[in-house]
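Below is one structure, written out as structure tokens, with a few remarks after it.
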């Protein structure tokens, strides 16, 4: 899948490479912090292999903009810490239900902790949209479940 970035189309693997470069890391160092080999990193960036959830979690903790990698869109600057917004419990529950169903359909099962982490990641990726864009959530779920 490609998205417009500036005046050109950018694929998932190109966005992954761009984030690695933005962090000032070479493939070897980036692979090490993500828990994979340099060869695996090269395959991810070449689009020949899809990262799994452990990889995506590790690079997110290292400062990668996961929302940009998945959607091709940059998130606006983070609001000040005083601008706290409560979690929409209903929205989060719907995401968890959809995530469990998608994982079951793909023959996967995650421990509760991992399910909560991934659900929170998806919730945060959706931002503060008032509505619940089910097709958008389903696209994100496919990326997450199949990585």
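Numbering (my numbering), first residue to last: 13 to 159.
Here a beta-carbon is modelled for each residue, glycine too, at the ideal position from N, C-alpha and C.
By Cβ distance, which residues of its chain are closer than 7 Å to residue i, with the 5 residues on each side in sequence left out?
i           : result
residue 108 : 127, 131
residue 104 : 131, 135
residue 100 : none
residue 28  : 56, 57, 81
Could you give the distance in angstroms between the alpha-carbon of residue i and the alpha-carbon of residue j?
i           : j           : result
residue 11  : residue 136 : In the structure as shown, the chain begins at 13 and stops at 159. Residue 11 is therefore absent and cannot be evaluated.
residue 118 : residue 112 : 10 Å
residue 151 : residue 138 : 11 Å
residue 67  : residue 46  : 5 Å
residue 147 : residue 106 : 13 Å
residue 39  : residue 120 : 29 Å
residue 41  : residue 133 : 24 Å
residue 49  : residue 37  : 14 Å
If you measure between the beta carbons of residue i and residue j, is that distance less than 8 Å?
i           : j           : result
residue 84  : residue 35  : no
residue 62  : residue 110 : no
residue 80  : residue 73  : no
residue 77  : residue 129 : no
residue 52  : residue 43  : yes
residue 122 : residue 114 : no
Any heavy atom of the ligand COA closer than 7 Å to the CB of residue i?
i          : result
residue 85 : In the structure on display, the ligand COA does not appear, and there are no ligands present to speak of.
What does a CB cutoff of less than 6 Å around residue i pick up in its chain, not counting 5 residues either side in sequence?
i          : result
residue 55 : 61
residue 25 : 57, 59
residue 71 : 46
Within a Cβ cutoff of 8 Å, which residues of the same chain sit near residue i, ignoring the five residues on either side of it in sequence?
i           : result
residue 125 : none
**Request:** With a floor of 4 residues, list each alpha helix (DSSP H) that falls wholly inside the region 91–134, ordered by position along the chain.
**Result:** 101–117
**Message:** Give the list of continuous alpha helix (DSSP H) stretches no shorter than 4 residues that lie fully inside the region 68–92.
**Reply:** 78–83
**Asked** What are the start and end residues of each continuous alpha helix (DSSP H) run of 4 or more residues lying completely inside the region 30–70, in chain order?
**Response** 39–46, 50–58
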